[in-house]
Amino acid sequence: MSARRVVWIPHAVLLAGLGLVLFPIYVAFVASSLTLRDILDTPMTLVPGPEIFANYRNALSAGTISTSGQPVAAMLLNSLVMALAIAIGKIAISLPSAYAVVFFRFPLRRVCFWAIFVTLMLPVEVRIIPTYKIVADLGLIDRYAGLTLPLVASATATLLFRQFFLTIPDELVEAAKIDGAGPWRFFVDTVVPLSRTNIAALFVILFIYGWNQYLWPLLVTNSPTMTTIVIGIRQMIGNGDAQTAWHLVMATALLAMLPPIAVVLAMQRWFVAGLVESEK
Amino acid sequence: MERRVVFTGWVFPALLLMPQLAVTFVFFFWPAVQAILQSVQRQDAFGLSTRFVGFENFAAILADPAYLASVEVTLVFSLAVALLALAPGLLFAVMADKVVRGAALYKTVLLLPYAVAPAIAGVLWQFLFNSSVGIIAVALRRAGIDWNYVLNGRQALLLVILAAAWKQISYNFLFFLAGLQAIPKALLEASAIDGASTRRRFWTIVFPLLAPTSFFLLVVNIVYAFFDTFGIIHNVTQGGPANATEILVYKVWYDGVVGLDLGSSAAQSVILMAIVIALTAIQFRFIERRVHYA
Numbered sequence: 003m004s005a006r007r008v009v010w011i012p013h014a015v016l017l018a019g020l021g022l023v024l025f026p027i028y029v030a031f032v033a034s035s036l037t038l039r040d041i042l043d044t045p046m047t048l049v050p051g052p053e054i055f056a057n058y059r060n061a062l063s064a065g066t067i068s069t070s071g072q073p074v075a076a077m078l079l080n081s082l083v084m085a086l087a088i089a090i091g092k093i094a095i096s097l098p099s100a101y102a103v104v105f106f107r108f109p110l111r112r113v114c115f116w117a118i119f120v121t122l123m124l125p126v127e128v129r130i131i132p133t134y135k136i137v138a139d140l141g142l143i144d145r146y147a148g149l150t151l152p153l154v155a156s157a158t159a160t161l162l163f164r165q166f167f168l169t170i171p172d173e174l175v176e177a178a179k180i181d182g183a184g185p186w187r188f189f190v191d192t193v194v195p196l197s198r199t200n201i202a203a204l205f206v207i208l209f210i211y212g213w214n215q216y217l218w219p220l221l222v223t224n225s226p227t228m229t230t231i232v233i234g235i236r237q238m239i240g241n242g243d244a245q246t247a248w249h250l251v252m253a254t255a256l257l258a259m260l261p262p263i264a265v266v267l268a269m270q271r272w273f274v275a276g277l278v279e280s281e282k
Numbered sequence: 031m032e033r034r035v036v037f038t039g040w041v042f043p044a045l046l047l048m049p050q051l052a053v054t055f056v057f058f059f060w061p062a063v064q065a066i067l068q069s070v071q072r073q074d075a076f077g078l079s080t081r082f083v084g085f086e087n088f089a090a091i092l093a094d095p096a097y098l099a100s101v102e103v104t105l106v107f108s109l110a111v112a113l114l115a116l117a118p119g120l121l122f123a124v125m126a127d128k129v130v131r132g133a134a135l136y137k138t139v140l141l142l143p144y145a146v147a148p149a150i151a152g153v154l155w156q157f158l159f160n161s162s163v164g165i166i167a168v169a170l171r172r173a174g175i176d177w178n179y180v181l182n183g184r185q186a187l188l189l190v191i192l193a194a195a196w197k198q199i200s201y202n203f204l205f206f207l208a209g210l211q212a213i214p215k216a217l218l219e220a221s222a223i224d225g226a227s228t229r230r231r232f233w234t235i236v237f238p239l240l241a242p243t244s245f246f247l248l249v250v251n252i253v254y255a256f257f258d259t260f261g262i263i264h265n266v267t268q269g270g271p272a273n274a275t276e277i278l279v280y281k282v283w284y285d286g287v288v289g290l291d292l293g294s295s296a297a298q299s300v301i302l303m304a305i306v307i308a309l310t311a312i313q314f315r316f317i318e319r320r321v322h323y324a
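So the protein sequences, as listed, match chains X and E.
Each residue of the first sequence is one higher than the last, beginning at 3 in my numbering.
Each residue of the second sequence is one higher than the last, beginning at 31 in my numbering.
As structure tokens, this is what we get:
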């Protein structure tokens with residue numbers, strides 16, 4: 003009897019979990035396929051309607067011109083540039099720095115490592131106004147550089163690569179030395195190819211981190227042409243005066259979720275292992 | 031841990047480190063120092079002169095009922111978010127560890143909220159609970175509950191807690207599942223042979239072995255609720271109604287960027303910095319212990 007119970011309880015609980023996760027997304031999807039009038043006719047139906055293509059086309063091309071002056075397609079592009087710049091930038095500066103602290107002995111090595119390490123304790127949220135001032139002084143407001151550079155340095159990627167580099171066997175280094183390979187050759191020919199899995203996992207984590215940024219883009223972009231989609235959606239939700247175009251807001255919300263979800267699903271295998279590993 | 035075989039020289043490693051150190055100094059250390067300096071200064075109304083005021087800004091903040099109210103909101107918010115994200119995460123992980131059929135599907139779907147931006151999660155939940163069109167709000171009203179989070183502070187706080195917790199369930203689920211899968215199956219089998227019930231096995235073997243993961247996740251969840259939920263608050267409630275959802279990060283931003291009170295905002299930033307440092311320190315002390323015992 004107890005064996006039978008064990009069989010169905012986990013499935014019931016997990017199905018409830020799927021419901022909890024999917025319900026808000028499903029309701030948004032249904033709303034994005036209806037006309038605004040259908041949504042206002044409460045309670046809203048839970049059956050998708052026929053307006054799906056019209057709504058997405060409308061949102062992508064012109065839907066928000068009236069409120070934020072920016073089509074969603076342009077916001078998506080800004081988000082994509084920001085997420086890619088942050089993900090690639092972080093990996094590009096962390097790989098060499100981790101390589102330097104692991105494979106060399108030089109003066110101040112520990113100081114350098116700690117300098118990088120303590121940035122874990124300085125998230126952008128606790129230094130917003132001074133960082134804003136520096137970016138303004140450098141003339142980087144409303145530039146992609148200003149949007150991404152302050153988020154590019156972080157200890158997470160460096161720590162993960164360091165941990166992995168420590169597991170590379172000494173024999174490989176010795177073999178490279180005997181073959182006459184210098185540190186640069188060893189880095190390019192051996193260390194980077196060995197790190198492929200870690201790079202893939204970090205790319206997913208950092209792409210999502212970059213795509214989902216909110217406070218920093220809100221501060222550092224004033225021009226509507228620089229708005230990212232996560233920020234832009236806020237400007238589409240009215241505050242009382244005008245009726246919010248919920249069908250377009252929900253289409254935009256789904257468009258904002260699609261790229262990070264696609265990245266996670268496509269690279270799920272590396273990502274799950276990498277995420278759990280990176281926090282150890 | 032150190033390597034035995036290394037390369038020599040210091041010019042090349044210095045070059046390798048340069049980009050990261052440069053960005054770190056310009057965008058991390060310099061602003062952090064500025065924040066600390068600003069926190070002991072006060073500017074006049076026109077921003078023309080600045081004078082040193084010592085700990086006056088801190089004293090003013092700590093005596094300000096609005097700040098203390100924000101501390102209280104933050105504590106309630108972050109503990110509720112952590113609890114509401116940890117408990118389902120653990121429950122789903124325990125169940126997912128038991129099933130074979132459909133396991134991949136469950137894992138994939140439970141992973142999805144991780145990819146959703148907090149601000150977007152806020153929009154989704156805002157739509158469900160919107161007092162005029164939200165389907166849950168409509169259902170609540172039919173059940174006789176007077177739901178209007180725009181006017182009711184408690185309801186607004188509940189809404190942002192739900193949105194913030196929903197997004198974090200995935201993360202907790204992944205870590206709990208990894209923790210469960212690391213528990214030696216022989217241990218569980220031995221105890222099953224000794225006649226321990228499923229429940230007893232969970233509380234006497236699984237739960238204690240998961241304690242390090244749980245503690246780690248508790249800290250991570252609190253840090254998440256403190257800092258990463260700004261987008262939810264800004265999107266859904268703007269700290270209102272009547273500051274009922276004004277968490278500390280939102281207040282730093284509001285007082286500094288909207289209110290232009292730089293001294294106070296900087297002092298608040300410094301307090302937040304101290305909180306992150308404390309949380310990170312706790313976490314690392316703890317992780318070191320875990321290395322020794324597990």
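Note that CB positions come from ideal geometry on N, CA and C, so glycine has one too.
Per DSSP, reduced to three states, the secondary structure at E:F256 is helical. Secondary structure of E:F85 (DSSP, three-state): coil. As for any alpha helix (DSSP H) of minimum length 4 sitting wholly inside the stretch 35–75 of chain E, the runs are 41–54, 60–69, ordered along the chain. Taking the beta carbon of X:R129 as reference, the chain E residues within 7 Å of it are P61, A62, A65, S299, listed in sequence order. Within the same chain, Cβ atoms closer than 6 Å to the Cβ of X:I210 are found at P262, the five residues on either side in sequence being excluded. Residue contact check for E:V190 against chain X: no CB pair falls below 9 Å.
Taken residue by residue, none of the stretch 229–247 of chain E has a beta-carbon sitting less than 7 Å from a beta-carbon on chain X.
The Cβ atoms of X:N80 and X:T230 sit closer than 9 Å to each other.
At a beta-carbon threshold of 8 Å, the residues of chain X lying near E:N265 are I235, R236, I239, ordered along the chain. Under the three-state reduction of DSSP output, X:T169 falls in the coil class, being neither helix nor strand. Per DSSP, reduced to three states, the secondary structure at X:T47 is coil, with no helix or strand assignment. The residue among E:I307, E:S294, E:L302 with its C-alpha nearest the C-alpha of E:Q73 is E:S294. Of the other Cβ atoms in all chains shown, 16 or more fall within 10 Å of the Cβ of X:G234; this residue is therefore buried.
With the rule of 3 Cβ pairs closer than 8 Å, the stretch 276–283 of chain E counts as touching the stretch 93–104 of chain E. Taking C-beta atoms as the reference points, E:A62 and X:L124 count as a pair closer than 9 Å. E:A255 and E:T310 have their C-alpha atoms some 14 Å from each other. The beta carbon of E:R33 falls within 9 Å of a beta carbon belonging to chain X, placing the residue at that interface. Residue-level contact by beta carbon fails for E:I252 and chain X, as no gap is shorter than 9 Å. In the DSSP assignment, X:F106 forms a beta bridge with E:F37. The three-state secondary structure of E:T267, taken from DSSP, is coil. Shown here, X:T246 sits in coil according to DSSP, grouped into three states, outside any helix or strand.
Annotation: X:M123 is outside any alpha helix (DSSP H) and is labelled neither H nor E by DSSP.
Chain X places a beta carbon closer than 9 Å to that of E:Y136, counting this residue as a contact. Listed along the chain, the chain E residues whose CB falls inside 8 Å of the CB of X:W213 are A147. Between the stretch 39–49 of chain X and the stretch 160–178 of chain E there are three or more C-beta pairs closer than 8 Å, enough to call the two in contact.
For X:D144, no alpha helix (DSSP H) encloses it, and the DSSP letter there is neither H nor E. Within the same chain, P50, G51, E53, I54 come within 6 Å of X:S35 by CB-CB distance, once the 5 residues on both sides are set aside. Assigned with DSSP and collapsed to three states, X:T37 falls in coil, not helix or strand.
Per DSSP, the unbroken alpha helix (DSSP H) holding X:D139 starts and ends at 130–139. The DSSP assignment places complete alpha helix (DSSP H) segments of no fewer than 4 residues inside the stretch 152–198 of chain X at 157–168, 172–180, 185–188, in order along the chain.
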